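Notes follow the structure.
Numbering (this note's numbering), first residue to last: 449 to 661.
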């Protein structure tokens, strides 16, 4: 059998030593996710942290506002960023998380995100966007709560203009999702520059204001 590496971002706090937590969504037909979900408690698997993928521990210097844009399992690196932004004593910077999923039932880490928002004293705003199509109607019972704003459709220009922090030298936008999301919002993940005509570029953001996760 030929094994191919599969990338996961830990969702646990980096201050926890000797272990880490992963967010792994089980997909029908997904070889890796099905394999991992079928492992018994106590089973061993191998992980490798490549040097190329080592992240800065606190890459927020000089920034005061943050917009985290995620879809599906793209919430993983955003959740790890929240550990630092919301869990560092004395940090008063503000964060907006805009999180897209097909349905309310698909929202990952929902209870944990609700907890962050309720404890944030207004520093963390969460916007959940659910829908398969841009013009999908709201699901039954889908409405704002004390911990999040409920939107429907796709994460698009109108919603970013409404909820994201505006372009500024002291703001930073994180993006993580499927290739189609990168293409629409900022351009390919492996390209530093913003794609001409992409949503974030049209809204006035520059490459220095956007981090493609």
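We treat Cβ as the ideally placed atom computed from N, Cα and C, and that holds for glycine. This one's a predicted model, so the numbers in the text were calculated from it and none came from an experiment.
Does the separation of the CB atoms of residue i and residue j fall below 8 Å?
i: residue 548; j: residue 621; result: no
i: residue 615; j: residue 579; result: no
i: residue 575; j: residue 546; result: yes
i: residue 525; j: residue 552; result: no
i: residue 624; j: residue 518; result: yes
Between which two residues does the alpha helix (DSSP H) holding residue i run?
i: residue 563; result: 558-567
i: residue 631; result: 627-633
Quick one: grab the DSSP three-state call for residue i.
i: residue 647; result: helix
i: residue 536; result: coil
i: residue 497; result: coil
i: residue 465; result: coil
i: residue 555; result: coil
i: residue 640; result: coil
i: residue 585; result: coil
i: residue 523; result: helix
i: residue 487; result: coil
i: residue 449; result: Any reading at residue 449 is ruled out, since the residue's pLDDT is 49, under 50, leaving its predicted position unreliable.
i: residue 599; result: strand
So, for residue i: in the same chain, excluding its five sequence neighbours on each side, which residues have a beta-carbon less than 6 Å away from its beta-carbon?
i: residue 584; result: 600, 601
i: residue 605; result: 647
What residue range is occupied by the uninterrupted beta strand (DSSP E) comprising residue i?
i: residue 475; result: Looking at the DSSP string, residue 475 is not in any beta strand (DSSP E), and its letter there is neither H nor E.
i: residue 548; result: 542-549
Quick one: what's got a C-beta closer than 7 Å to residue i's C-beta in the same chain, skipping five residues either side?
i: residue 457; result: 524, 525, 528
Grab me the residues of residue i's own chain with a C-beta within less than 8 Å of its C-beta, minus the 5 sequence neighbours each way, in chain order.
i: residue 485; result: 472, 474
i: residue 449; result: Bear in mind that the predicted position of residue 449 carries a pLDDT of just 49, short of 50, making it too unreliable to give a figure here.
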